[in-house]
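Asks: Protein chains in written order, with our numbering: chain B, 1 to 84; chain Y, 1001 to 1407. Backbone N, C-alpha and C fix where the C-beta goes; we use that ideal spot for every residue, glycine too. These numbers were taken from a predicted model, which means no experiment stands behind them. Can you read through this structure? Questions will come right after.
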């Protein structure tokens, strides 16, 4: 298992649904667009007064962790992992 | 009235959460471990356990037993979030839920059984609801008390459901090794074995005066445990603050250290973590305890009693240094810990000394900034290099809310 910690700012397309549901659907990282095929899990943590929403997503081959800062609405790609 | 207590225990919790986050991991041998070279395995998946990989094992040993072991770095924020969610689910069945650790809880379901269709049906519904809402499986044990509920929840893991009726207690005790009981550790187990006691049945029948002669008042508790007797209530966190006796943090250092400057720096970080948690919950303590573990695992604690309760980082730190200054560290240090005991909850007397009042004002300003921007956003310059990984382990005392929520 190789997991790389990145914390790189990314552009994310997401659907903000009813209630507080958020579903990221694609992201652009280093100039390349990745289509999200699955959102496996999401969780949140607080740092100070900000809530950070984490999403474990997949593009069908690799696994990514996207994080949304609920205060600034800035997205980061936190981790990328593969099984090799 | 016979009580019915459930013990809900998540199956290989951290590993299972990682499998939900990345379904490609399912069925593979995985180990969740902390960062650093000398980390231990905090959870192994059932596939890894088949290779002999165990919780608490050094990662190097785990990799030796299972070279294809996939190692996932522990992410406590993820696990505590899921744990809090699980506790919410459990509270939808009864308000009497006592989180026992990050991945297990006791439920007193005595008064809700009638309208829930019986204990088996209720247990199955809990398992289904947890699975449906988190994707995780758990094992449930039902018994007349917490001690037995915890014992039977482990009988059919993973994804098990075991019910112990009051009439079956003595028979189960007869064949249960004493080491299976929660609260009987390896040392007690050895002492009991030296007295010819191997099973709970033997323990329960053993003459009480001899047990008390060997173990003191604990002998009485052991005797009752041997008969499967225990009557402590299920205490929800809101009623549990009274049982919080201390607030503490400890850290295993990335490498063994001998220089006192590094030790002092780590103690300042720990003092801030302890003080911050105390202040957040409006409590202060009269006893500061410093714990040191050498590289050979020799561990000792020294404490100091303060003239009045304290929660200020600086003053906790200064008292910890007073203890340290009286010690001669004879070996490199592996672990350091600080705890604050003899806790007082509620408003405390403000210091009348101008210097301490200035210090308190500075502390309040620091707390406000860190409340707004997060822990250690503003801190002592010396601490910065020690912060990474300072809270990578979830303490067994962690609770989803209240004073014990430490991460």
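1) Along chain Y, in chain order, which residues have C-beta atoms closer than 7 Å to that of residue 41 of chain B?
2) Does the segment 1322 to 1330 of chain Y come into contact with the segment 1302 to 1309 of chain Y, if we say contact requires no fewer than three beta-carbon pairs (one atom in each stretch) closer than 8 Å?
3) Check distances from the C-beta atoms of the segment 1355 to 1374 of chain Y to those of chain B and list, in chain order, the residues that come in under 8 Å.
4) Could you check the C-alpha separation between residue 1381 of chain Y and residue 1338 of chain Y for me, to the nearest Å?
5) Measuring CA to CA, which of B/75, B/6, B/70 is closest to residue 27 of chain B?
6) Applying the criterion that 16 or more other CB atoms from any shown protein chain within 10 Å of the CB defines a buried residue, is residue 1058 of chain Y buried or exposed?
7) With distances taken Cα to Cα, identify the nearest neighbour of residue 1033 of chain Y among Y/1020, Y/1013, Y/1051, Y/1050.
8) With respect to the alpha helix (DSSP H) encompassing residue 1058 of chain Y, which residues constitute its N-terminal and C-terminal limits?
9) Grab the span of the beta strand (DSSP E) containing residue 1302 of chain Y for me, first residue to last.
10) With a CB to CB cut of under 7 Å and the five nearest residues on each side skipped, what residues in its chain are close to residue 37 of chain B?
11) Taking residue 49 of chain B as the query, report the chain Y residues whose CB atoms sit under 9 Å from its CB, ordered along the chain.
12) Run the CB neighbour count on residue 1029 of chain Y, radius 10 Å, all protein chains shown included, and call it buried at 16 or more, exposed below.
13) Is it true that the segment 1331 to 1346 of chain Y meets the segment 1247 to 1256 of chain Y, where meeting means three or more beta-carbon pairs spaced less than 8 Å apart?
14) Between the Cα of residue 1280 of chain Y and those of Y/1359, Y/1312, Y/1256, spot the shortest distance and give me the residue it belongs to.
15) Pull up the distance between the alpha-carbon of residue 1069 of chain Y and that of residue 1348 of chain Y, whole angstroms please.
16) Which ranges would you report for the alpha helix (DSSP H) in the segment 1160 to 1238 of chain Y if only whole runs of at least 4 residues count?
17) How many Å lie between residue 45 of chain B and residue 1297 of chain Y at the Cα?
18) Measuring alpha carbon to alpha carbon, tell me which residue in B/69, B/3, B/49 is nearest residue 22 of chain B.
19) Examine the Cβ distances between the segment 1128 to 1148 of chain Y and the segment 1222 to 1239 of chain Y and report whether three or more of them are shorter than 8 Å.
20) Considering Cα atoms alone, identify which of Y/1039, Y/1072, Y/1031, Y/1035 is closest to residue 1052 of chain Y.
21) Report back the beta-carbon spacing between residue 1091 of chain Y and residue 1097 of chain Y to the nearest angstrom; my notes put them in contact at under 8 Å.
22) Would you give the residue range spanned by the beta strand (DSSP E) that residue 1068 of chain Y belongs to?
23) Let's test the definition: count the other Cβ atoms within 10 Å of the Cβ of residue 1322 of chain Y and tell me whether it reaches 16, buried, or not, exposed.
24) What residue range is occupied by the uninterrupted beta strand (DSSP E) comprising residue 1314 of chain Y?
25) Between residue 1201 of chain Y and residue 1141 of chain Y, what straight-line distance do the alpha-carbon atoms span, to the nearest angstrom?
26) In the structure shown, what three-state DSSP assignment does residue 1158 of chain Y receive?
27) For the ligand ZN, is there a heavy atom less than 7 Å away from the beta-carbon of residue 1126 of chain Y?
28) Report the residues of the segment 1076 to 1108 of chain Y with a CB closer than 7 Å to any CB of chain B, ordered along the chain.
29) In angstroms, rounded to a whole number, what distance separates the CA positions of residue 1160 of chain Y and residue 56 of chain B?
30) Which whole-angstrom value describes the C-beta separation of residue 1177 of chain Y and residue 1199 of chain Y, a residue pair presumed to lie in contact below a C-beta threshold of 8 Å?
31) Per the contact definition of three or more C-beta pairs closer than 8 Å, is the segment 1267 to 1287 of chain Y in contact with the segment 1182 to 1195 of chain Y?
32) Determine the direct distance from the alpha carbon of residue 1137 of chain Y to that of residue 1356 of chain Y, and round the result to whole angstroms.
33) Could you tell me whether the Cβ of residue 1377 of chain Y comes closer than 8 Å to any Cβ of chain B?
34) What is the C-beta distance between residue 43 of chain B and residue 1082 of chain Y, in whole angstroms, given that I count them as a contact (C-beta under 8 Å)?
35) Using only alpha-carbon positions, find the residue among Y/1236, Y/1049, Y/1004 that is nearest to residue 1152 of chain Y.
36) If we define contact as Cβ-Cβ less than 8 Å, is residue 3 of chain B a contact residue for chain Y?
Replies: According to the data block:
1) 1020, 1021
2) Flag = yes, the segment 1322 to 1330 of chain Y and the segment 1302 to 1309 of chain Y touch.
3) 1370, 1371, 1372, 1373, 1374
4) 20 Å
5) When each option's Cα is compared against that of residue 27 of chain B, the closest is B/75.
6) exposed
7) Y/1013
8) Here residue 1058 of chain Y belongs to no alpha helix (DSSP H), and DSSP marks it neither H nor E.
9) 1299 to 1310
10) 58, 59, 60
11) Correct list: 1371, 1372, 1373, 1374.
12) buried
13) Cβ pair count under 8 Å is three or more, so yes.
14) It is Y/1312 whose Cα lies nearest to the Cα of residue 1280 of chain Y.
15) 52 Å
16) Complete alpha helix (DSSP H) runs here, min 4: 1169 to 1175, 1186 to 1194, 1200 to 1205, 1208 to 1215, 1218 to 1226.
17) 34 Å
18) Out of B/69, B/3, B/49, B/69 has the C-alpha closest to the C-alpha of residue 22 of chain B.
19) yes
20) Y/1031
21) Indeed they touch by this definition, with Cβ atoms about 5 Å apart.
22) No beta strand (DSSP E) holds residue 1068 of chain Y; DSSP gives it neither H nor E.
23) Residue environment for residue 1322 of chain Y: exposed (fewer than 16 other C-beta atoms within 10 angstroms of its C-beta).
24) No beta strand (DSSP E) contains residue 1314 of chain Y, which is instead part of the alpha helix (DSSP H) from 1313 to 1325.
25) 20 Å
26) The answer is coil: DSSP assigns residue 1158 of chain Y none of H, G, I, E or B.
27) This structure lacks the ligand ZN; in fact it carries no ligand of any kind.
28) 1077, 1078, 1081, 1082
29) 28 Å
30) Under the criterion of beta carbons closer than 8 Å, residue 1177 of chain Y and residue 1199 of chain Y qualify as touching, at roughly 6 Å.
31) Taking 8 Å as the limit for Cβ pairs, the verdict is that the segment 1267 to 1287 of chain Y does not touch the segment 1182 to 1195 of chain Y.
32) Each residue's alpha carbon lies about 52 Å from the other.
33) Chain B contact via Cβ: present.
34) 7 Å
35) Y/1004
36) yes
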